[in-house]
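To start, the structure itself, in structure tokens.
Protein chains: 2
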Amino acid sequence: MIGQKLLARLVRDGIDGAKVQITAHDIAFPDNAVPVDRQIIGSVTEPGVMERLVADDPEYVFHLAAIVSGEAEADFDKGWQTNMFPCWSLLQALRARHEATGGSYRPRLVFTSSIAVFGAPFEDEISDTFLTAPLTSYGAQKVICEQMISDFSRKGFIDGVAIRLPSICVRPGKANRAAAGFFSGIIREPLNGVQAVLPVPDTVVHTHASPRSAVGFLCHAATLDTDRLNGRRAINMPGVACTVAEQIEALRDAAGEQAVALIRREDDPAVAHIVDNWPTRFNAARAHALGFRAETEFREIIQTYIEEDLKPAQ
Amino acid sequence: MIGQKLLARLVRDGIDGAKVQITAHDIAFPDNAVPVDRQIIGSVTEPGVMERLVADDPEYVFHLAAIVSGEAEADFDKGWQTNMFPCWSLLQALRARHEATGGSYRPRLVFTSSIAVFGAPFEDEISDTFLTAPLTSYGAQKVICEQMISDFSRKGFIDGVAIRLPSICVRPGKANRAAAGFFSGIIREPLNGVQAVLPVPDTVVHTHASPRSAVGFLCHAATLDTDRLNGRRAINMPGVACTVAEQIEALRDAAGEQAVALIRREDDPAVAHIVDNWPTRFNAARAHALGFRAETEFREIIQTYIEEDLKPAQ
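Here the protein sequences line up with chains A and B, keeping their order.
Every letter in the first sequence is one number past the one before it in the UniProt record's numbering, and letter 56, counting from 1, is 56.
Every letter in the second sequence is one number past the one before it in the UniProt record's numbering, and letter 255, counting from 1, is 255.
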């Protein structure tokens, strides 16, 4: 989902004002996929796929491929084989190109990490110097990718940045298996006249950014001066921290009581357990200083969804 | 080195007062190796080695195998292939035994991590909630092993503990390629009447524990109640924080001016760079609360070396 929105932005704006040739790789593309120079269907777990994908020395590599937290928790092997090992293969493939070019090729790699790298108990506001003690396999896999990217960058093989995305909200389209999916569902479904399930108490606090902001983070990370990172290449992204109740209030403001009435409260202890172990608020001072920008109120996040993704009523 | 001392302790004391059957695996054993039930020579990088080593469901597994920081920095591939991938293979082998036994087998794994998981800039006293931002490949590999062990433990496949060792001092025997080797060398060589090189200024602060303490940490970690770790299975070990000048003073007290005169100061910017990026002092409150004990003064560390490892003069 973010991938398609990133491609649309790259086609429209290029990078640093310059047009870019784009190769997109995914396990599947939607019917209305953004047209790009080369579209390759395949899995990141195929042997040799990374070598083929980077054979022509791309200047920028965006690595977003992952299975979501709920699926990685349910299928342990698939989680590690999808979320960790392909990142290693990609780094080794880029390093091989670096070495084949006598060291002149050193691409910018932008990796989508996640706030799931953190685990309870937390500081009140999680800073960029807080330990990564994830409580999901997904989080562990993201930490490990960050560490690999950091070391390959330190050695000068690549120039990597790992951005830790907050929950992306409102996700368009169908619900996926991410445990955080309901944060979008309780907004998206009612805006589309459909019932939504809220599996946690409305006092839960969480940090959100819109897909548009996520794309902005990715593009900003692509051109960031990485000398400013002082070797700490994993960055907590900014977002809107609010309670579920505040999300629901913003929905009421945007779409009225009949939308809110479509939210059905149905506690799911498994989801609540995962969400309880997620961080709530961040100190994003470092990201702000580096120029990353997100929404500041949840109502803006709803507005972005309405503008970008809500189908007009028939 | 620590491995042989651990074996001697296990042969002497067993674990929890009970005798243990011991299989030792290493790339080589010294002529005066501690006799154990089974001694296997081989590399942790051999395919299938971990499956064979854990085939009889050992109750305790101590994973100490690694190449040292200097070598992992010099040989990037060897570092990752030795320090990271075998840990993954070991975890998968243990998980396979866990599953083959219908979940009843859940061994205690004790892993030797390192304070090299931390990288500058530091807090004044590094706590257990400080981020792991290593500045060496060795440190990155140790962090990644910690994360894997944590996740396999969280899933219940194993019951792991990662202890972050400070520099082990005084290392007996020959110098190895560890960048921290001189911390031992400037004590060991003079005590044996041999010249030693000090490659950094004597104002450098570092934290040390004796090999005897390190063995104590390993044995304590083997029987620790891991419920007390609250899922945070990587623990900073205690040690003696002191300057190189204080080390030298303790040497003077133990062996006189003629020993100190054998230390030759010869700055090595490459070593200084690695050491500058290492942490200095730790807040070991958590380790202390969990019952881990180390020396409290550097003179005790010298005394331990003299008792355990110094050959009587001819």
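Think of the CB as a built atom: it goes at the ideal place given N, C-alpha and C, for glycine as much as any other residue.
Contact with chain B by residue i, beta-carbon distance below 7 Å
i: residue 131 (chain A); result: yes
i: residue 17 (chain A); result: no
i: residue 114 (chain A); result: no
i: residue 144 (chain A); result: yes
i: residue 137 (chain A); result: yes
i: residue 177 (chain A); result: no
i: residue 147 (chain A); result: yes
i: residue 164 (chain A); result: no
i: residue 228 (chain A); result: no
i: residue 12 (chain A); result: no
i: residue 232 (chain A); result: yes
i: residue 2 (chain A); result: no
Residue range of the unbroken alpha helix (DSSP H) whose run includes residue i
i: residue 13 (chain A); result: 2-13
i: residue 127 (chain A); result: Looking at the DSSP string, residue 127 (chain A) is not in any alpha helix (DSSP H), and its letter there is neither H nor E.
i: residue 61 (chain A); result: Element bounds for residue 61 (chain A): not the alpha helix (DSSP H) but the beta strand (DSSP E), 60-63.
i: residue 95 (chain B); result: 85-100
i: residue 154 (chain B); result: 137-154
i: residue 55 (chain A); result: Unbroken run through residue 55 (chain A): none, as it is neither H nor E.
i: residue 71 (chain B); result: 69-74
Chain A within 7 Å of residue i, Cβ atoms only
i: residue 140 (chain B); result: yes
i: residue 151 (chain B); result: yes
i: residue 81 (chain B); result: no
Burial state of residue i (16 or more Cβ within 10 Å)
i: residue 314 (chain A); result: The pLDDT assigned to residue 314 (chain A) is 46, lower than 50, so where the model puts this residue is not dependable; a value taken from the coordinates is nonetheless given after this. Exposed.
i: residue 194 (chain A); result: exposed
i: residue 48 (chain A); result: exposed
i: residue 83 (chain A); result: buried
i: residue 156 (chain A); result: exposed
i: residue 5 (chain B); result: buried
i: residue 302 (chain A); result: buried
i: residue 27 (chain B); result: exposed
i: residue 288 (chain B); result: exposed
i: residue 277 (chain B); result: buried
i: residue 159 (chain A); result: buried
i: residue 309 (chain A); result: buried
i: residue 199 (chain A); result: buried
i: residue 151 (chain A); result: buried
Enclosing beta strand (DSSP E) for residue i [first to last residue]
i: residue 160 (chain B); result: 159-165
i: residue 110 (chain B); result: 108-114
i: residue 26 (chain A); result: 23-26
i: residue 38 (chain A); result: 38-41
Interface partners of residue i on chain E, CB under 7 Å
i: residue 155 (chain B); result: You won't find chain E in this structure, because its protein chains are A and B.
heavy atom of the ligand NAD below 6 Å from residue i C-beta
i: residue 249 (chain A); result: In terms of ligand content, the structure shown is empty, and the ligand NAD therefore cannot be addressed.
- Within the segment 184-241 of chain B, note down every full beta strand (DSSP E) run reaching 3 residues or more, in order along the chain. 196-198, 205-209, 234-236
- Message: Taking contact to mean 3 or more Cβ pairs, one atom from each stretch, closer than 8 Å, check whether the segment 289-301 of chain B and the segment 198-215 of chain B are in contact.
- Response: yes
- Message: Across the segment 244-261 of chain B and the segment 39-52 of chain B, are there enough close Cβ pairs to call them in contact, namely three or more that are closer than 8 Å?
- Response: no
- Query: When the Cβ atoms of the segment 74-87 of chain B are set against those of the segment 115-133 of chain B, are three or more pairs found closer than 8 Å?
  - Reply: no
- Message: Pairs of beta-carbons, one from the segment 262-280 of chain A and one from the segment 86-103 of chain A, closer than 8 Å: are there three or more?
- Response: no
- What are the uninterrupted segments assigned as beta strand (DSSP E) that are 3 or more residues long and contained completely in the segment 255-306 of chain B, given in chain order? 263-265
- Query: Do the segment 184-202 of chain A and the segment 11-20 of chain B touch if we need at least three Cβ pairs shorter than 8 Å?
  - Reply: no
- Query: Counting pairs of beta carbons, one from the segment 163-171 of chain A and one from the segment 106-115 of chain A, are three or more of them closer than 8 Å?
  - Reply: yes
- Counting pairs of beta carbons, one from the segment 165-183 of chain A and one from the segment 65-75 of chain A, are three or more of them closer than 8 Å? yes
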